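Asks: Mind having a look at this structure? Questions to follow.
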Amino acid sequence: MTDRRFFSYAGPFSLTELAAMVGAHLSNCADPSILIDDIMPLGSAGNSHLSFMENERYRESLAHSKAGACLISEIHASGAPADMVLLLTDRPRQNFARISQRFYPEEMPGPGLHATASIAASARVGKDCRIDAGAVVGENVSIGDGCWLGANCVIGDWVRIGPVTRIGSNASLSHCDIGARCFIYSGVRIGQPGFGFERDHAGVIKMPQLGRVVIEDDVEIGANSTVDRGSGPDTIIGRGTMIDNLVQIGHNVQIGKGCIIVSMVGIAGSTTVGDHVVIAGQSGVAGHLDIGNGVRIAARSGVTKNIKDGETVGGMPAVPIRDYRRQTAVIRSLVRQARQRLGKG
Amino acid sequence: MTDRRFFSYAGPFSLTELAAMVGAHLSNCADPSILIDDIMPLGSAGNSHLSFMENERYRESLAHSKAGACLISEIHASGAPADMVLLLTDRPRQNFARISQRFYPEEMPGPGLHATASIAASARVGKDCRIDAGAVVGENVSIGDGCWLGANCVIGDWVRIGPVTRIGSNASLSHCDIGARCFIYSGVRIGQPGFGFERDHAGVIKMPQLGRVVIEDDVEIGANSTVDRGSGPDTIIGRGTMIDNLVQIGHNVQIGKGCIIVSMVGIAGSTTVGDHVVIAGQSGVAGHLDIGNGVRIAARSGVTKNIKDGETVGGMPAVPIRDYRRQTAVIRSLVRQARQRLGKG
Amino acid sequence: MTDRRFFSYAGPFSLTELAAMVGAHLSNCADPSILIDDIMPLGSAGNSHLSFMENERYRESLAHSKAGACLISEIHASGAPADMVLLLTDRPRQNFARISQRFYPEEMPGPGLHATASIAASARVGKDCRIDAGAVVGENVSIGDGCWLGANCVIGDWVRIGPVTRIGSNASLSHCDIGARCFIYSGVRIGQPGFGFERDHAGVIKMPQLGRVVIEDDVEIGANSTVDRGSGPDTIIGRGTMIDNLVQIGHNVQIGKGCIIVSMVGIAGSTTVGDHVVIAGQSGVAGHLDIGNGVRIAARSGVTKNIKDGETVGGMPAVPIRDYRRQTAVIRSLVRQARQRLGKG
């Protein structure tokens, strides 16, 4: 049961309304005006709930489900209980997500600038923005319409933020331009100088980091992740890219559009990542590399070389995924032999 | 020497008092009313100090120690200098911890709500709480008696916090219920949406994350760690579990009681971890796995499969620890052979 | 082009001035009073810009560059275009960094204590300090001259900060002494108790963490990194050491001078690291180890044993770098054989 302390409920919706939201076809439906109260997994749904089924693995759950209605594709429809209303669709899971968004629309409390926020007189704040307690907005900052700045976040001088973007509490932004509809979560650090210095006889010399961070539209950056500004060129994160928690993006890194970067990944300085790349959790990518479009990197990989478009890699150092699997198999087999030798010896 | 700027001193204590605190038996003690001023390691202790000895490795240190008194088990007692008062106990180290807590009790400055804290009128704050400067407490938050909220922390609407819990400075909590006597350190992020989305022709669709985070009693979560809220089910951290710094806990993860999760570990979404599990530093656990009770995972392991109760694993992908050690040995031996071939070649 | 919203420009400078800044020798220079407007990479520089060339790899870029002036070493000078002014120097890159610092000096907005900062009456704040909005300075804190405390940072009671040190926004410091000219970035956590506890029949007993963190002069600590205070001894970071983002330093760790610790490294409790050590990204060092002076640890290594002065190691567990490379080669060769067997079989 969704806890309505935390999530605002916008239901119920009739079966007709639900089907229309996602272009599903109602089947086995005696009365399309019946109201559905909530969304629920197959196992816990009751007869006023909508569920979804998308995978052969859930065939049993489907057969025993008490859900009143179910998003389902044609091929699984025959496995549904006789009294379940079906909303036929090719994409049950995606459409369940869409309907979930309608039942529990993302919270945006009313606009307003909290009395304890420090907003520089020279900052321009758009219409319908909400700026929470203790937020700090520096000189000449520009904030688009409909933004929400969380409590105690800090926006450095001259930063630009596009419309309908959310900045989490306690986040710190400087030296950056942020696009529209982004979500920068709590504790994210954007725009600090990259890790660049030279040494000589006189000791360490810091290389001034004179670039920015440019975040395009529809980007999300997870809690406590860090994105350093460029050293001269900019650090760029392309449109629609999703970054999880505790990720490190080094200076001058350029990430394409629609990428997925899972928690605890690190991308070292000056590396270029193409579009629609997936980097699984705890992987690392060395600096100055080119990672092609559509590349997939398995969890806990260490990428030390360029990767061509469309390749999937894994391991440390990362190799084509089939070779990585062979590595694992070869080592397993050597261990088995060693064990047998010991057993015999 | 403990720096009394930072730690408040509650000593001295007599030998009788010290022995009573931990149920130790005084031995070699001419005058049990003698006062002990401080706790100190064997090597640096003087004759007004209490130390402890628990390990054969420290036999030499013991023999040369100038400590006035020492927590020690019976089996090591004969190695102590003739003029050292012994506090005999089976658990010298644990009881040293207990006595240390008495010498330097955890600081809790007086209660009070700082004038610059923003506390919603609808929030309920228990008795004897301390809320520091700049802290933000949202609508309908409930805070138990004796809590301490650090400066600039942010507590989202409707969050519940049990009694005698501490929230570190600059931490952010939302969509969560926190138990009693927890310690959430500085910079922790709890309750942000998990990393969940679907894709189809229309692009990325965010799956609403409609669960909470539930933290049971006596849990600690280290600095800058992140705990995502559930997607529908809750993310749960069981009673007495200790989590170190910079740890990532994904959505829907359920962790049992009394676990120890060391720094930089990541646990991916929907994985279940049993009771009394130890996960050493920088390891990763993939999503949708079951990790049994009492499991131990070596440092820097990558767990990709379910693990049964009581097993110890290591490596990437993680295997039973003996096989992991064999892997290391086998590889070392292959390298040795390669080196010899090169030497001969 | 450097974005002058974010960086304050202090140019132009004459060729004479530039050469004097770094002790370079002007060559091929008809008019040393000519003004240089900006610094720029070889590829994008125009005739009023200064660039640098330091590596055979950039021979082509040099030959085609339109840069008006270039820092270059004698051995590469002959490859420069005929009309390019040369600033001859042994260290083109380091001196480019020095000159960059002169063109864009590090920003330090005017001093002043923001009205919303909470500064305890007992705190001593030096001359010419800047303390930004929402910063919290505890009782008896001592802050040297010329410091800059970022917005919403939190400085715990009795902390000492040396002169000309910067603390980033939303950082938290407690139980520590910080040297001069340090840069602690946004979101850093210093001084929280380390991860130390004992267990016995009565459950978990927290070991009081009674040490401090001591940060010597000229240290940098990257965004969202965490440094735990000592358990009895102090955690120490030596002069001039540079620490990147999201690094974890455990309690009692002692790091020497001039070390470089790259992003996402973890160093477990009570380990000692010598001077001038380099630890590359995502590596881990186990607890209670001695890492010698001048040691180099490759990226994603797991160090489980002491390392002698000057060694270079890699892998998990880490071994001398040559053996690590052999490991990789041996495994690659086994995979190749397996692939061939499968191809044949």
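Chains as they are written, first to last, in numbering that gives the first Met the number 0: chain A, 0 to 344; chain B, 0 to 344; chain C, 0 to 344. Note that beta-carbon positions come from the ideal geometry of N, C-alpha and C, so glycine has one too. Predicted model only: the values in this text are computed from it and were never measured.
Using only the alpha-carbon positions, how far apart do R188 (chain A) and I166 (chain A) sit?
Replies: Those two C-alpha atoms are separated by around 11 Å.
Asks: Going by CA-CA distance only, name the one from A:A222, A:G149, A:G145 and A:D127 that's closest to G137 (chain B).
Replies: When only C-alpha atoms are compared, the closest one is A:G149.
Asks: Thinking T234 (chain A) and H250 (chain A) are a contact (beta carbons under 8 Å), I'd like their distance in whole angstroms, please.
Replies: Contact flag correct, Cβ pair sits at about 6 Å.
Asks: What residues from chain B crowd round P40 (chain A), counting only those whose CB sits closer than 7 Å?
Replies: Correct list: G231.
Asks: Does any residue of chain B bring its CB to less than 7 Å from the CB of L333 (chain A)?
Replies: Chain B, which has a Cβ nearer than 7 Å to the Cβ of L333 (chain A), makes this yes.
Asks: Can you confirm whether S262 (chain B), when its beta carbon is compared against all beta carbons of chain C, has any partner nearer than 7 Å?
Replies: Yes, S262 (chain B) lies at the interface with chain C (some Cβ there is under 7 Å from its Cβ).
Asks: Count the other CB atoms, across all protein chains shown, that sit within 10 Å of the CB of Y8 (chain A); report buried if there are 16 or more and exposed otherwise.
Replies: By the neighbour-count rule (16 or more Cβ atoms within 10 Å), Y8 (chain A) is not buried but exposed.
Asks: So, is S32 (chain C) buried or exposed, given that buried needs 16 or more other C-beta atoms within 10 angstroms?
Replies: Answer is exposed; the Cβ neighbour count stays below 16.
Asks: Would you kindly report the start and end of the unbroken alpha helix (DSSP H) that includes S26 (chain B)?
Replies: Element bounds for S26 (chain B): not the alpha helix (DSSP H) but the beta strand (DSSP E), H24 to S26.
Asks: With a cut-off of 7 Å, does the C-beta of L17 (chain B) fall near any C-beta of chain C?
Replies: Cβ-Cβ to chain C under 7 Å: no for L17 (chain B).
Asks: Just to confirm before moving on: does the CB-CB distance between G291 (chain C) and G268 (chain C) stay below 7 Å?
Replies: No.
Asks: Could you name the residues that DSSP lists as bridge partners for K205 (chain A)?
Replies: BP columns for K205 (chain A) point to A:F196.
Asks: Determine which residues of the region 1 to 33 of chain C have a Cβ less than 7 Å from any Cβ of chain B, and write them out in chain order.
Replies: Those residues of the region 1 to 33 of chain C that come within reach of chain B (Cβ to Cβ, closer than 7 Å) do not exist; the list is empty.
Asks: Closest Cβ-Cβ distance between L245 (chain C) and chain A: below 7 Å?
Replies: Yes, contact with chain A.
Asks: Please give me, in chain order, every unbroken run of the beta strand (DSSP E) with length at least 3 that falls completely inside the region 218 to 295 of chain C.
Replies: DSSP runs (the beta strand (DSSP E)) wholly in the region 218 to 295 of chain C: 234 to 236.
Asks: Can you find a C-beta in chain A that's less than 7 Å from the C-beta of Q326 (chain C)?
Replies: Closer than 7 Å: no.
Asks: Taking the alpha-carbon of G109 (chain B) as reference, which of B:G280, B:R129, B:H63 and B:Y184 has the nearest alpha-carbon?
Replies: Ranking the options by Cα distance to G109 (chain B), first place goes to B:R129.
Asks: Measure the alpha-carbon distance for P162 (chain A) versus V213 (chain A) and round it to whole angstroms.
Replies: Whole-angstrom Cα-Cα distance: 15 Å.
Asks: What residue range is occupied by the uninterrupted alpha helix (DSSP H) comprising S99 (chain C)?
Replies: Unbroken alpha helix (DSSP H) run through S99 (chain C): P91 to F102.
Asks: When the Cα atoms are used, what is the spatial distance from I183 (chain C) to W147 (chain B)?
Replies: In a straight line, the C-alpha of I183 (chain C) is about 25 Å away from that of W147 (chain B).
Asks: Kindly indicate which three-state DSSP category M20 (chain B) falls into: helix, strand or coil?
Replies: If DSSP states are grouped into helix, strand and coil, M20 (chain B) belongs with the helices.
Asks: What are the boundary residues of the alpha helix (DSSP H) that S60 (chain C) is part of?
Replies: S60 (chain C) -> alpha helix (DSSP H) spans R58 to H63.
Asks: Quick check on M0 (chain B): buried or exposed, where buried means 16 or more other Cβ atoms within 10 Å of its Cβ?
Replies: With fewer than 16 Cβ atoms within 10 Å of its Cβ, M0 (chain B) is classed as exposed.
Asks: Since S262 (chain A) and D243 (chain A) are thought to touch, with beta carbons under 8 Å apart, how far apart are those beta carbons, to the nearest angstrom?
Replies: Right, the Cβ-Cβ distance comes to about 4 Å (below 8 Å), so this counts as a contact.
Asks: Under 6 Å Cβ to Cβ from V135 (chain A), same chain only, skipping five residues before and after it: list those, please.
Replies: Same-chain partners within the cutoff: S117 and V153.
Asks: Could you name the residues of the region 112 to 146 of chain C whose beta carbon sits closer than 8 Å to any beta carbon of chain A, in the order they occur along the chain?
Replies: From the region 112 to 146 of chain C, only H113, T115, D131, A132 and G133 have a Cβ closer than 8 Å to chain A.
Asks: Going along chain A in order, which residues have a C-beta closer than 8 Å to the C-beta of V203 (chain B)?
Replies: Going along chain A in sequence order, the residues near V203 (chain B) (Cβ under 8 Å) are D217, G239, M241 and G257.
Asks: S77 (chain C) touches chain B at which residues, Cβ-Cβ below 7 Å?
Replies: Within chain B, no residue comes near S77 (chain C); the closest Cβ sits about 40 Å away, beyond 7 Å.
Asks: Could you list the residues in the region 145 to 161 of chain C with a C-beta less than 8 Å from some C-beta on chain A, going in chain order?
Replies: Hits within the stretch, in order: G149, A150 and N151.
Asks: On a Cα-Cα basis, can you pick out the residue from C:G190, C:P91, C:T240 and C:R90 that is closest to G219 (chain C)?
Replies: First, the residue type needs correcting, since residue 219 (chain C) is Glu and not Gly in the sequence shown. Per the Cα distances, C:T240.
Asks: Contact between the region 167 to 179 of chain A and the region 189 to 197 of chain A is defined here as three or more beta-carbon pairs at a separation below 8 Å; is this criterion met?
Replies: Taking 8 Å as the limit for Cβ pairs, the verdict is that the region 189 to 197 of chain A does touch the region 167 to 179 of chain A.
Asks: Would you say Q93 (chain B) lies against chain C (beta-carbon separation less than 7 Å)?
Replies: Yes, its Cβ sits closer than 7 Å to a Cβ of chain C.
Asks: Would you mind telling me which residues of chain A sit closer than 8 Å to R73 (chain B), beta carbon to beta carbon, in chain order?
Replies: Looking at the sequence provided, one finds Glu at residue 73 (chain B) rather than Arg. Correct list: empty, because the minimum Cβ distance to chain A is about 39 Å.
Asks: For Q339 (chain A), which residues in the same chain have their Cβ closer than 8 Å to its Cβ, ignoring the five residues on either side in sequence?
Replies: Hits under 8 Å: none found.
Asks: With I214 (chain C) as the anchor, note down where its beta strand (DSSP E) starts and where it stops.
Replies: Where I214 (chain C) is concerned, the enclosing beta strand (DSSP E) stretches over V212 to I214.
Asks: Taking the alpha-carbon of S99 (chain B) as reference, which of C:P316, C:M206, C:E310 and C:L341 has the nearest alpha-carbon?
Replies: Cα-wise, what sits closest to S99 (chain B) is C:M206.
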